[in-house]
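Have a look at the structure below before the remarks.
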Amino acid sequence: METCKNTKFTSINQVRYGCALGAFHSVSAIPGAMPIAHCGPGCVDKQYMSLSFYNGFQGGGYSGGAVIPSSNLQENDVVFGGAKRLQELIEASLKILKADLFVVLNGCIGELVGDDTGAVVDSFQKQGIPIVNAETGGFKGNNFIGHEIVVKAIIEQFVDKYAQPHEQKQKGLINVWSELPFQNTFWRGDLAELKRVLEGAGFAVNILFGNTANGVEEWKSIPKAQFNLVVSPWLGLSIAQYLEEKYDQPYLHIPVLPIGADQTADFLHKVVDFAGIDKQKVDQFIVAEEKKYYYYLEHFTDFYAEYWWGLPSSYAVVGDSAYNLAINKFLVKQLGLIPAIQIITDNPPEKYRQAIIEEYKNLDTDVSTDVTFLEDGYEINTILEKVNYGHRPPIIFGTTWERDTSKKLGGSIVEVGFPASYEVVLDRTYIGYRGALSLLEKIFTTVISKSA
Amino acid sequence: MQKKINLDISEVQPREQRLGTIIAWDGDIKELHRQSNFSGRAAGCGSGDGCRLCELQGPFSQGSVCSEQMVECQAGNVRDAVLIQHSPIGCGAGQVPYNSIYRNGLSMRGHKVENIRIINTNLTEEDMVFGASDKLRSAIDAAWLRYKPKAIFIATSCATGIIGEDIESIAREKQEELGVPVIPMACEGFRSKHWSTGFDATQHGILRQIVRKNPHKQEDLVNVINLWGSDVFTPMLANLNLKVNYVIDLASVDDLARMSEAAATVGFCYTLSSYLATALEQHFGVPEVKAPMPYGFSGTDAWLRELARVTHREELAEKYIASEHSRVRPRIKKLKEKLRGVKGYVATGSAYSHGLIQVLRELNVEVNGSLVFHHDPVYDSGDDREDSLGHLLKNYGNVENFHVSNRQQYQLYAFSQKVHPDFMLIRHNGLAPLASRLGIPAAPLGDEHIAIGYQGIINLGETILDILARKKFHNSIKTHVKLPYTDWWLKQKDAYILAR
Amino acid sequence: MKKIDLTMPEVEVRETRLGSITSFQGSAGELVKCSGHGRIQGKKRTFSQCIDCSISKAACMVTLIQDAAVICHGPVGCASCLHEFAFTYRVNAPLRNVAHPTQRRIFSTNIGEEETVYGGGDKLAETIRDVYKRTQAKAIFVLSTCAAAIIGDDIESVTNELESELGIPIIAIFCEGFRSKVWTSGFDAGYHGIARKLIKPAKTHKQDVINVINFWGSDVFTQWFAAFGVKPNYITPYSTVESLSHSSEAAATIQACPTLGSYLGAALEQEFGVPEIKTPPPYGVLQTDRWFRELGRILGKSEIAEQIIAEKKATYLPQLEKIRARLEGKLAYVTAGAAHGHALLSVLRELGLKAVGAAIFHHDPIYDSNTQKADALAQTVRDYGDIPNYNVCDKQEFELVNMLHHLQPDVLLARHGGMTLWGAKFGIPSLLIGDEHFSMGYEGLIRYGKRLIEVIENDEFVKNLAKHTANPYTNWWLEQEPYTFLKGKK
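As you go down the protein sequences, you meet chains A, B and C in turn. In terms of full-length UniProt numbering, the first sequence opens at residue 1 and continues consecutively. In terms of full-length UniProt numbering, the second sequence opens at residue 1 and continues consecutively. In terms of full-length UniProt numbering, the third sequence opens at residue 1 and continues consecutively.
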C-alpha cells in the first residue's frame with residue numbers, strides 16, 4: 001500500500017514539551033499570580049502531572065496543580081458556548097482564591113468554539129481587577145510559544161497599566177529572560193543561581209520567576225530596567241524585542257547559559273561590558289567564586305584522574321536548546337569529553353536555527369559538532385542507538401524517554417530535561433558556579449553507581 | 001437493567017446516560033443509598049426526570065480529569081498495542097505520567113520495563129481549519145512500521161470532536177489494510193462529566209474489535225479486571241485451582257482476545273469493571289461474579305464464595321477461607337489495638353471508597369467522612385448483589401459525611417474541618433497536597449490491590465501506621481505554608497455554598 | 001637455603017629472597033646490567049611519604065576468591081581499606097562472567113588495648129568460629145598485622161586448632177607491614193598460604209587447562225586459548241576454593257604480571273610439577289610473538305601459534321600503523337608497579353611514543369623462577385632501547401612531582417592511584433587503566449592506542465585545572481635533583 005511507504009511522520013511519540021496552555025506554569029511561577037484555565041476537564045491535570053509532577057516532582061505549590069480554577073467544559077458549553085461559564089468561574093475564583101494577579105488561559109475548546117474570553121476578562125479589568133487574558137489554544141504551539149504569549153499578555157494588560165514610573169531608567173537594573181519554568185526541571189535553582197551571580201557582579205535583578213522573584217511588584221518595575229538580558233538560544237528573544245519597542249529598552253542576547261567558572265566569568269564580563277557599570281565588583285566576585293570553585297575541582301581531580309575502572313568519554317545530549325547548548329559547552333570546555341550526537345527537542349522557530357547550529361560549530365577552539373532538530377522520541381532513540389560511541393558506552397544527557405536506549409547501549413543516563421521522572425529536584429541547579437559542581441556530582445555518581 | 005449493552009454502535013454511551021452518574025452531592029450514605037434506589041433503577045424507572053439523582057451544580061471548579069486520560073491509562077497500557085492520540089500536543093502531555101506509571105507497573109508484575117507506546121498526531125492551527133485525516137493515517141502508519149503492534153487504538157480529543165474528524169472510517173480503512181484491529185474510541189473530555197466514561201470507551205472498543213467471537217472455553221480461567229496493581233490474584237486464585245487473566249492494563253492483545261474463553265469475570269472495583277464484565281456476560285456468555293467487592297472479611301468471604309459457586313469450587317473455597325481467617329486474625333488483632341481511636345478519611349474513586357471504608361472499619365479505624373469523585377447509582381449489570389454502597393451500609397453502617405466531589409480541592413478543606421481526620425487514603429493526585437498543608441498525612445495508593453482480600457486488611461493497617469509516623473513532616477509544613485484560599489472561603493462550613 | 005619451603009608457615013620477604021630494592025636512579029639499561037651481576041644495593045631516603053603495606057596485597061588475592069572469608073587479625077584500622085576489594089569484586093564481576101557478585105566476607109578481630117596486654121589468640125579463635133557460622137565459607141584466611149606480630153600472638157597454632165575443629169582450611173598468612181619494605185611481599189605471603197594449605201597434589205593432569213595468575217582483568221585468555229583447545233584457570237580473583245585446589249593439575253602456568261605471580265608460578269612448578277611459561281607477558285608486538293610461540297611450544301601446538309600470530313598481525317598491524325602515525329614522537333612518562341611498568345614501557349614505545357622516564361615502585365633483580373629469561377625490563381630494553389631517568393621509587397610523590405616538573409612529558413601513564421592526579425595538576429593528560437589485560441596482545445595495542453589518543457586530545461580539563469591549582473611543594477624542591485634525598489647505603 002502506498003500509505004505504508006511513508007516513513008516521514010509528523011506525529012510525536014514520547015512528548016518533550018506541553019502545549020501552549022501548559023504555559024499556565026509560567027503564571028504559577030510568578031509568586032502571587034494565579035492562572036484560571038478555560039478548557040476541558042483533563043487539560044490542566046495533564047499539563048500539571050507531566051510538567052511539574054513526573055518531571056523532577058517539582059510540585060504545584062501555592063497556585064499550581066489541583067488549585068487552578070478550570071471551567072472543565074462540557075458538551076453543553078461546546079454547543080452553546082462557554083463564555084458565560086468563564087464569567088461565573090472568574091467571579092467565584094475572586095471569592096475563593098487569594099492572588100495579586102489572575103491570568104486567564106484559553107484552551108482548544110474555547111478557541112475553537114469561539115468563546116470571546118477577551119471580552120469576559122475585559123469586563124473584570126474595567127472594575128480594576130488585576131486580571132489578564134491569554135489566547136493559548138493547545139494547537140497554537142508548545143508551551144514555549146505559550147510562555148511568550150502569556151508574558152506579553154501580562155506586560156500589555158497588567159504591567160503597562162500599573163507600572164512604576166519609568167521615564168528615567170534605573171542603571172544596573174536588568175530584566176532576565178531565560179529558562180522556561182517547570183519545563184526545565186532545574187529552573188528554580190538555576191534562576192536563583194543566575195540572580196546570585198548577576199547580583200554578585202553588581203546588578204539589581206528582576207528575575208521575575210521563582211522564589212527569589214518579588215512577585216507582581218517586580219513585574220511592575222520591568223519598564224524601569226536599564227536593559228533586558230536574554231540568556232537562552234531563542235526563548236525570550238521576542239519578548240525582549242517587544243520590550244525594546246514598547247519601553248525603548250535595549251537588550252543583550254547571550255545564547256549560552258553559563259556552566260562552570262570559565263563560562264560564568266565570561267558571561268558576567270559580557271553583561272558588565274554591555275551595561276557599562278563598574279568592573280571592580282565583578283572582578284572581585286569572580287576571584288572569590290573561583291577560589292571556592294577550584295577548591296572542589298582540585299579535590300575532584302583525584303577521582304577524575306585516577307578512577308581505576310575508567311570513565312566514559314563520549315556523550316549525547318537530547319533536550320531543549322538552552323540546556324543542550326549549555327551542557328555541550330561545559331562538557332567540552334571543562335571536562336574534555338567528546339560529543340557524539342546532539343539533538344534539540346524544543347522545536348525552536350526556523351529563524352533561530354542557523355544561529356544555534358553555528359554555536360555548535362564553535363564549541364571550543366578545537367571542537368565542533370553537528371546538531372539535529374527533532375521532536376519525535378521514536379526517531380530520536382532510533383538515531384541514538386545507531387551512533388558509534390567508540391570503545392566505551394556513552395553518557396546520555398536526556399530524559400526519561402532515553403532510559404531504555406541507554407540501557408541497551410550499556411551507557412549511563414543523566415536526566416536533564418522534561419520529562420525527568422526518575423529525579424527528585426528541589427533547589428538543585430546545574431548552572432553557574434554552584435550548578436557546575438552539582439552537575440559533576442550527578443554525572444559521576446550516576447556513572448560509577450552503574451558499575452555495581 | 002432493562003437494556004442490554006449495545007456493541008453495534010462505535011461510540012460508548014456516557015455514564016450519566018447509562019447509569020445516571022453524578023459528580024456533586026452532599027449528605028450521608030443512608031440518604032444517598034435511598035435516593036440511588038439501586039434495584040428500582042435497575043428495573044427501570046420510566047422516562048423523564050423521575051429517576052434523576054439530585055445533583056448540585058456551582059460556578060466554581062478546579063481542574064479535573066478527562067475520559068481521554070482513562071483511555072491512556074487502559075488502552076495505552078496494553079503491552080503489544082499502540083495508542084494514537086488524535087489531538088493537539090497538549091493531550092500528549094499525558095504520555096509522561098502514564099509512562100512512569102506503566103514502567104512501575106511492568107516492574108511490579110515482572111515484565112521487561114520499557115517506554116509506553118503512545119503516538120500523538122500533534123495537530124496544529126492549520127489542521128483545525130482543514131482537518132487532519134491524513135495526519136491520522138500517517139500516525140497509524142508510523143505505529144505499524146515502528147512497532148508491528150497487534151492492535152492500534154485511537155483516542156479522540158476535544159479538538160477533533162469539535163472540528164468533526166471522521167475517525168471511524170479511517171480506522172475501518174486502516175484495519176482492512178493492516179489486518180490488525182484499529183479501534184476508535186470516543187473519549188472527548190467534554191463528552192462526559194465524569195472521566196470514568198473513558199474506561200467504558202476503551203472496554204467498548206476492545207469488546208467490539210478484539211474479543212474472540214468463537215472461544216474455546218477454559219474452565220479454570222478467570223478474567224480479573226484491574227489496572228497495574230501488584231499480582232495478588234494469582235496466588236489467591238491458585239487456592240481455587242483457577243488461573244488469572246489480568247485485563248486490561250499490562251495485558252497483551254491476546255490476553256484481551258481470550259477474555260471470552262474464561263469461566264468467569266471478577267473485579268475489585270465496580271467503577272472500573274462494570275461495563276466490561278457485564279458486556280462479557282451478555283455478549284460472550286462469560287458469567288460475571290456478582291458479589292460484594294473483596295474488601296474486609298465479609299466482602300472477601302462473599303466474593304470468594306460466589307466465585308467458587310460460578311466455577312464449581314465450593315469446597316476449595318471453604319478450605320481457603322478458613323485457613324486465611326486463622327492466618328490473618330492474630331495480626332489484625334494487634335493492628336486493631338494500635339489503630340484504636342485513629343480517625344481516617346477516604347477520598348478516592350467511587351466504588352473503591354466503599355471497599356476501603358470497609359477495611360478501615362475492620363481495623364477499628366473511625367471513619368465518618370469520605371469524598372468520592374462521582375457516584376453511579378447503579379452498575380451496568382443491574383444486579384443488586386453488586387450494590388457496593390448498600391453492602392457497606394448494611395455490614396459496616398452509615399458514613400455521616402459523604403460527599404460526591406469530582407476532585408475539587410477547595411471543597412476538601414471544608415470536608416476535613418468537619419471530621420478532623422488523622423490521615424487520609426487518597427488515590428488520585430491533587431488532593432493530598434492540600435491535606436499535607438493541613439498537617440494530615442495521606443497514603444497514596446498507587447498499587448490499587450493493596451487493600452484487597454484478607455492480606456489486604458493487614459497491608460492497609462501497616463500502611464496507615466507508616467503514614468501516621470509521617471505526621472511530623474506534615475505538621476512542619478503546615479506551620480510554614482499559606483493556603484491560596486481566601487479567609488472567606490476557609491470560614492465556610494458548607495463546601496457547596498456556591499451551589500445552593 | 002631453599003627459597004620455596006611449603007613446610008614453613010611464613011614466606012621469606014622479597015628483599016632477602018630476591019634481593020628486591022625500592023630505590024634506584026639511573027637508566028633502565030644500567031639497572032638491568034646491575035641486576036645480572038650480584039646483589040644491588042638500594043639507597044635510603046631521608047625524606048619519605050606514605051607507602052603501601054603487605055596486608056592489602058595479601059588481602060587482594062584472598063578476598064576475591066568467591067567462597068572464602070578473610071579475617072584481619074589486628075586493630076580495626078588495618079581492615080579499614082579492605083572494602084576496596086569488595087567494590088573491585090562487584091565492579092569487575094561482569095568482565096569475568098560472574099552474574100551475581102556476592103558481598104565480600106571481610107572481618108577484623110578488632111583487637112584493643114586489652115588484647116595487646118593479654119594476647120589476642122582467644123579473640124581470634126572466637127572470630128574464626130563466628131565467621132564460619134555466618135558465612136559457611138569454604139576456607140578462611142587470617143591476615144597478620146603489625147600489632148598482632150609485636151604482641152606475639154601464635155596465629156599458626158590458633159588457625160591449626162580451628163582447622164581441625166571446623167574441618168575447613170584455616171590459613172594463616174604472615175604479612176605484617178613492617179616485615180618488608182617491598183609491599184609485593186604480601187602477594188607472596190598470600191600465595192604461600194594457598195600453596196601450603198589449599199593446593200592439593202595432582203592426581204591427574206589435564207592437558208586442556210592452563211593456570212593464569214592475574215588480577216581482575218577482563219577475560220581475554222578464554223578466546224586466545226580456545227584456538228589451542230585449552231581453557232584458563234584464573235588464579236585467584238573470581239576462583240573458588242575448589243578450583244584453586246586443582247591448580248596442580250594444569251598443563252602450565254602463565255603470568256599476567258610476574259611481579260604478582262612470581263612466587264606462586266615457581267611454587268607450582270617446583271612443588272607440584274606444573275611448568276611455568278617464563279617469557280614475560282605479551283605486551284608489544286615482539287613479545288606477543290614470543291609469548292604465543294612459547295605457549296605453542298609448551299602445548300606442542302607450534303603450528304597453531306604461528307597461524308594465530310599471522311592472522312592477528314594481518315588484522316591489527318595496519319590499524320597499528322594508523323595509530324602510530326597519530327602518536328609518533330609524543331613524550332610519555334610511566335609510573336606503575338615493576339612488571340606492569342615494564343609492560344607499559346613496551347606498549348607505549350610500540351605505539352610510537354618516546355619514554356622520557358619512569359617511576360617504578362620496586363625492582364626484583366630476578367624472579368622466583370630464577371632465570372634471566374623472565375626479566376621483563378631486560379626484554380623491553382632489548383626490544384625498544386634504553387630508558388633514561390628510570391627511577392625505582394615506591395610511590396614517593398615528591399620525587400614524581402619533581403620528575404614531571406623537569407621532564408614535562410605529553411602524557412602520564414599509570415596503573416595505581418595517588419599518581420595521575422599530578423599529571424592533571426601539571427596540565428599533563430594522564431591515563432590510568434586498572435584492567436591489566438587491556439593492552440595485552442596485538443588487539444590490546446589498538447585498544448590502548450585509541451584510548452591514549454582520546455586522552456591526549458581531550459586535555460581541556462587538565463589544562464584548565466593546571467591554571468587553578470596550588471602546588472604544595474616549594475619552588476626550592478622543584479628545582480632540586482629528583483634524587484636529592486637518596487642517601488648512602490642502607
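Cβ atoms here follow ideal geometry from the backbone N, Cα and C, with glycine treated the same way. Since this is a predicted model, take the numbers as computed values, not measurements.
Contact set between residue i and chain C, taken where Cβ atoms lie within less than 7 Å
i: Gly18(A); result: Within chain C, no residue comes near Gly18(A); the closest Cβ sits about 36 Å away, beyond 7 Å.
i: Leu105(A); result: Those do not exist, as Leu105(A) stays about 45 Å from chain C at its closest Cβ, beyond 7 Å.
Beta-carbon neighbours of residue i, restricted to chain A and to distances below 7 Å
i: Gln218(B); result: The contacting residues do not exist; Gln218(B) stays about 34 Å from chain A at best.
i: Arg146(B); result: Tyr378
Proximity of residue i and residue j at Cβ, strictly below 9 Å
i: Val310(B); j: Pro287(B); result: yes
i: Gly449(C); j: Arg324(C); result: yes
i: Ile65(C); j: Val241(C); result: yes
i: Ala340(A); j: Tyr389(A); result: yes
i: Gly42(C); j: Thr22(C); result: yes
i: Thr259(C); j: Asn211(C); result: no
i: Leu86(A); j: Met34(A); result: no
i: Glu397(C); j: Cys257(C); result: no
C-beta neighbour in chain A for residue i, strict 9 Å
i: Asp394(C); result: no
i: Asp383(C); result: no
i: Thr486(B); result: yes
i: Ile89(B); result: yes
i: Asp435(C); result: yes
i: Ser100(B); result: yes
i: Asp166(B); result: no
Cβ-based burial, residue i [other Cβ within 10 Å; buried from 16]
i: Phe80(A); result: exposed
i: Val287(A); result: exposed
Minimum Cβ-Cβ distance from residue i to chain C less than 9 Å
i: Thr301(A); result: yes
Among the options, nearest to residue i - alpha-carbon criterion
i: Val129(B); options: Ile183(B), Glu306(B), Gly164(B) and Thr21(B); result: Gly164(B)
i: Pro9(C); options: His192(C), Asp67(C), Ala227(C) and Glu481(C); result: His192(C)
i: Gly161(B); options: Ala495(B), Leu123(B) and Gln411(B); result: Leu123(B)
i: Glu91(A); options: Cys108(A), Gly276(A), Pro130(A) and Glu75(A); result: Pro130(A)
i: Lys200(C); options: Phe221(C), Phe187(C) and Ser248(C); result: Ser248(C)
i: Ser243(C); options: Pro472(C), Trp422(C), Asp67(C) and His405(C); result: Asp67(C)
i: Lys161(A); options: Pro223(A), Cys108(A) and Thr117(A); result: Pro223(A)
Residue i: contacting residues in chain C (beta-carbon distance under 9 Å)
i: Glu290(A); result: His468
i: Val332(A); result: Asn458 and Glu460
Neighbour flag for residue i against chain B, beta carbons, 9 Å
i: Gln14(A); result: yes
i: Ser11(A); result: yes
i: Pro233(A); result: no
Where residue i meets chain C, residues with beta-carbon distance less than 8 Å
i: Ser451(A); result: Arg90 and Val91
Contact list for residue i against chain B, beta-carbon separation under 8 Å
i: Leu363(A); result: Residues of chain B passing the Cβ test: none, with the nearest at roughly 30 Å.
Residue i: contacting residues in chain A (beta-carbon distance under 8 Å)
i: Lys135(B); result: Thr10 and Ser11
Taking only beta carbons into account, state which residues of the segment 116-132 of chain B come closer than 8 Å to chain D, listed in chain order.
-> In summary, chain D is missing from the structure at hand, where the protein chains are A, B and C.
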